[in-house]
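Protein chains in written order, with this note's numbering: chain A, 133 to 354; chain B, 133 to 354.
Written out below as structure tokens is the structure these notes cover.
Number of protein chains: 2
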Amino acid sequence: MSRKPGDGKLRRAHLERLMHYYHFVSERIAQHTSHAVSSAELASVLNMDDTQVRKDLAAIGVQGYPRVGFKCAEIAQAVRGVLGFGQTSKAILVGAGRLGGAMAAYRGFSQYGMTIVALFDADLNRVGSVVGGHVVQPIQSLEMAIRRHGVRLAILTVPAEAAQELADRLVATGIRAIWNFAPTGLTVPSGVFVRHELISVGLAELSYFLKGTEGEDDTHGA
Amino acid sequence: MSRKPGDGKLRRAHLERLMHYYHFVSERIAQHTSHAVSSAELASVLNMDDTQVRKDLAAIGVQGYPRVGFKCAEIAQAVRGVLGFGQTSKAILVGAGRLGGAMAAYRGFSQYGMTIVALFDADLNRVGSVVGGHVVQPIQSLEMAIRRHGVRLAILTVPAEAAQELADRLVATGIRAIWNFAPTGLTVPSGVFVRHELISVGLAELSYFLKGTEGEDDTHGA
């Protein structure tokens, strides 16, 4: 175990907020606009109040400076350490459809320590084509590739009906974490971690906001 | 305001968990497998403990039954009410690339009360083509379409460098909520709600898990 001493186990919502802070400060660092950021700026990214930001950062050992705010580089370094971005995780991507293609083509994952090493699809019309810089491999080569690359992380961007069978194959071959974009739940043995990504989750917040503004205009703070 | 009386303002993380419960029970209802669900089953979807589930559901007025658990239909109805899925939200989608195409083609949004009414792209090679059942319209028609349909919600699936200018145009034409998939922050006036969707956010949880299992095997609960 290499958790930060004393921080206990961080909760999902906390980890996700850290990703948003990390993305924000990384963008600021890249643009050379400022070395510092205020908790209010970070709070506005998530439409919340800044008390939460200060708590989240304190929990990973980042403190603000009077009249300066937080240093972007310190936030970035702390998040990278806590989330393990320094250690590269190899991943395979299963499903080369629209969403899988978007994921394969996305260049931003490297800043989070993730490298996609191979891309698979069951559709022979897609096999052999190049998607996001990867040649699509036949689904039959899945097990061989996982073993050869020593991969423990798999991204599933397949239709719901194909997901469970593929998850079983992945787990049987040594995959320990599945990033599941199929719109269905998966059953896996204890010791395997599944993060079920529902693209619609964001609609919760948007619908809730829009519902709250029904019949009004502009009375909500951003 | 049409919030559920007494529940105050629900937080982002809570809203998101509600979406996961909703998706889980909707799937169960559709498959006719069972009318009921336990808090432990719902907790496992989010890799957390069931105390949180019971708190989340109690906060929206859903109670369990002894020896039965929670009724799927009651959860679904309560979430629909709180999140406003009963009222249909029309949305426009800006950016018909890979991710925009996946969003346009996704049929699941209707169960959350969202209908995409028009799809736009700045690339003339894409204009006129059919993506996910929508004819891609030129970006010049954006304002006219927003006014004609009375749309308040926009989905942005454009490159980072195009996002702010488009957001300005959307807001100037009456858009009140932006679902931002561009990998950059947006500045909007007070009263406009932006949800910044970072596809990489999920990596936080996966990286954290994988980091915690470095050098171990199978000692974590799923």
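The beta carbon of each residue, even a glycine, is placed where N, CA and C say it ideally should be.
Boundaries of the alpha helix (DSSP H) harbouring D188/B: D182 to A191, taken from the DSSP string. For P315/B, the chain A residues whose Cβ falls inside 9 angstroms of its Cβ are H155, E159, Y238 and G240, in order along the chain.
The beta carbon of S166/A lies closer than 7 angstroms to those of R160 in the same chain, with the five residues before and after it left out. Below the 9 angstroms Cβ cutoff, chain B contributes S339, L342, K343 and E346 as neighbours of Q219/A, in chain order. In this structure, V320/B and A294/B do not form a Cβ contact; the two beta carbons are roughly 15 angstroms apart against a cut-off of 8 angstroms. Taken atom to atom, the span from the alpha-carbon of G233/A to that of R258/B is near 17 angstroms. Residues of chain A with a Cβ closer than 7 angstroms to the Cβ of S332/B are, in chain order, M151, G240, F241 and Y244. Within the region 163 to 188 of chain A, V177, L178, N179 and M180 place their CB atoms closer than 8 angstroms to a CB of chain B, listed in sequence order. H146/A counts as buried, since at least 16 other C-beta atoms from the protein chains shown sit within 10 angstroms of its C-beta. Taking C-beta atoms as the reference points, M180/B and R144/A count as a pair closer than 8 angstroms. With fewer than 16 other beta carbons inside 10 angstroms of its own, Y197/B counts as exposed. For A223/A, the enclosing beta strand (DSSP E) stretches over residues S221 to V226. Under the 8 angstroms criterion on CB atoms, A145/B is classed as interfacial with respect to chain A. A contact is defined here as three or more CB-CB pairs under 8 angstroms, and the region 308 to 323 of chain A fails this definition with respect to the region 211 to 228 of chain B. Counting C-beta pairs closer than 8 angstroms gives three or more between the region 270 to 286 of chain B and the region 239 to 254 of chain B, which meets the contact rule.
Contact between R284/A and G306/A holds, since their C-beta atoms are separated by about 7 angstroms, short of 8 angstroms.
If you check the CB distance, I207/B and Y244/B do not come in under 8 angstroms.
Counting along the chain, H152/A sits inside the alpha helix (DSSP H) bounded by residues R144 to Q163.
Under the Cβ criterion of 8 angstroms, H266/B is not counted among the residues facing chain A. Among the residues facing chain B, G227/A is not included, as its CB has no counterpart in that chain under 8 angstroms away. In the three-state DSSP reduction, Y340/B falls in the helix class (H, G or I). Boundaries for V249/B: no alpha helix (DSSP H) harbours it, while the beta strand (DSSP E) harbouring it runs M246 to D253, taken from the DSSP string. Annotation: the continuous alpha helix (DSSP H) that includes R212/A extends over C204 to L215. For the pair A237/B and G265/B, the Cα-to-Cα distance works out to about 7 angstroms. Nearest in C-alpha terms to A210/A, of all of Q195/A, S242/A and E337/A, is Q195/A. Straight-line measurement puts the Cα of L231/B at about 28 angstroms from the Cα of V324/A.
Among the residues facing chain A, R258/B is not included, as its CB has no counterpart in that chain under 8 angstroms away. Annotation for I278/B: the continuous alpha helix (DSSP H) segment containing it runs L274 to H281.
Interface criterion not met: the Cβ of R301/B is under 8 angstroms from no Cβ in chain A. Positions of the beta strand (DSSP E) runs, each at least 3 residues long and wholly inside the region 287 to 345 of chain A, are given as 309 to 312 and 325 to 328 in order along the chain.
At a Cβ-Cβ threshold of 8 angstroms, L330/B and S221/A do not count as neighbours.
One finds nothing in chain A with a Cβ atom closer than 7 angstroms to the Cβ of H281/B; even the nearest lies about 15 angstroms away. Between A162/B and C204/B, the C-beta gap is not smaller than 8 angstroms, which leaves the two residues out of contact.
Interface with chain B (8 angstroms Cβ-Cβ cutoff): E293/A is excluded.
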